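Since the structure comes first, as C-alpha cells, the remarks are kept for the end.
In the working numbering, the protein residues as written are 5 to 232.
Here it is, written out as C-alpha cells:
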C-alpha cells in the first residue's frame, strides 16, 4: 500500500523538536546575504501576531502562518496563502502527536490554554491518557518555525510523534532509509513499504531530514529526558 505520512518518533521518552523551513525569493536572498557575510550577529527577533478563531489558533509572520487546531493537534502551514505543509488530521489512521502506552494508542484531545511570549507561542493540551498532558511550543524564525512537542506525566516515559501528510507539500525527498531492509524510493510519495509511516527512529533512519518540491524542509531532533 502506498504511504501518505511522514512520521518522526524517538525510541525513548523525549521532547521532540521539528524545524519547518520555508524557502521564498526573499528567504533565499536573505540566506545569500548571510553566506556572503553581509549580516552579522544574532538573528533578529521575528515579529508575529496571534489570531484566535473558534476552532484554531494562528501564528502569523510576514512570510508564513501556522494554524493549530483547538481539538487535537492538527497543524497547517501556509506561505503566501497557499497550504505548503499539513499534519496528520483526525481523519487519518494515525493522528498527529499520537503516542503509545501499554500497547494502547492515545491521542491529544482538547487545548486547555495558550500563552504568547516575546518569541514563542506555547499551547497546552489534554490527552486520552489519564494523568498525561501535552505541551507544544511554536518558535518562529525568519523563514522557519521550530515546533517542540512534549508529553508530560509522572513516569516521564511517553514518547511523542509528529506526523505530516505528504500530498499537500508536493513531492518529498530525503530521509535516508524508509524501513528495515526496504528499498529507497524517490520521491517518497511513490514508496510502498510495510511500515505504517516513514520512521525517524533507531537503525531505520540515518538522516531525519526531508524536503519537498513546494520549498518546505523538515528536520527533527529528540531531547531525551531522564527519570530521577
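The C-beta atom is built at its ideal place from N, Cα and C for all residues, glycine as well. Just so you know, these numbers come straight off a predicted model, no measurement behind them.
| field | For residue 114, the residue or residues it bridges with in DSSP | value | Mapped onto the chain shown, residue 114 falls at position 110. According to DSSP, residue 114 bridges with 75.
| query | Can the beta-carbon of residue 148 be found less than 8 Å from the beta-carbon of residue 20? | reply | Against the chain shown, residue 148 aligns to sequence position 144. Against the chain shown, residue 20 aligns to sequence position 16. Cβ atoms of residue 148 and residue 20: not closer than 8 Å.
| field | Backbone CA spacing between residue 109 and residue 64 [nearest angstrom] | value | Counting from 1 along the chain shown, the entry for residue 109 is found at position 105. Counting from 1 along the chain shown, the entry for residue 64 is found at position 60. Going by the C-alpha atoms only, they are around 32 Å apart.
| said: One question on the structure: do residue 154 and residue 102 come within less than 8 Å of each other, judged by their Cβ atoms? | reply: Translated into positions along the chain shown, residue 154 becomes position 150. Translated into positions along the chain shown, residue 102 becomes position 98. No; because the gap between Cβ atoms is not below 8 Å, this pair is not in contact.
| field | Per DSSP, cross-strand counterpart(s) of residue 128 | value | On the chain shown, residue 128 is found 124 positions in, with the first residue counted as 1. DSSP lists 117, 139 as partners of residue 128.
| query | Which partner residues of residue 194 appear in the DSSP bridge assignment? | reply | Locating residue 194 in the chain shown gives position 190, counting from the first residue. The partner list for residue 194 (beta bridge, DSSP) is empty, contrary to what the question assumes.
| task | Give me the Cα-Cα distance between residue 145 and residue 123, rounded to the nearest whole angstrom. | result | Your numbering for residue 145 matches position 141 in the chain shown. Your numbering for residue 123 matches position 119 in the chain shown. Whole-angstrom Cα-Cα distance: 9 Å.
| message | Using 8 Å as the threshold, is the C-beta distance between residue 140 and residue 52 below it? | response | Walking along the chain shown from the start, residue 140 turns up at place 136. Walking along the chain shown from the start, residue 52 turns up at place 48. No, the Cβ-Cβ distance between residue 140 and residue 52 is not below 8 Å.
| field | Where the beta strand (DSSP E) through residue 215 begins and ends | value | The count along the chain shown starts at 1 and reaches residue 215 at position 211. It spans 213–216 - the beta strand (DSSP E) in which residue 215 sits, taken as one unbroken run.
| task | Determine the closest residue to residue 194 out of 133, 136, 215, 170, with distance taken between C-alpha atoms. | result | Sequence index remark: in the chain shown, residue 194 carries index 190 (1-based). Comparing Cα positions, the closest option is 170.
| message | Whole angstroms are fine: how far does the CA of residue 189 sit from the CA of residue 68? | response | For the purposes of this step, residue 68 is taken as the residue at position 64 of the chain shown. For the purposes of this step, residue 189 is taken as the residue at position 185 of the chain shown. The straight-line gap from Cα to Cα measures roughly 30 Å.
| request: Can you check DSSP and say which residues form a bridge with residue 82? | output: Counting from one through the chain shown, the residue named residue 82 turns up at place 78. 69, 87.
| N- and C-terminal bounds of the beta strand (DSSP E) containing residue 173 | Your numbering for residue 173 matches position 169 in the chain shown. Counting along the chain, residue 173 falls outside any beta strand (DSSP E), and DSSP gives it neither H nor E.
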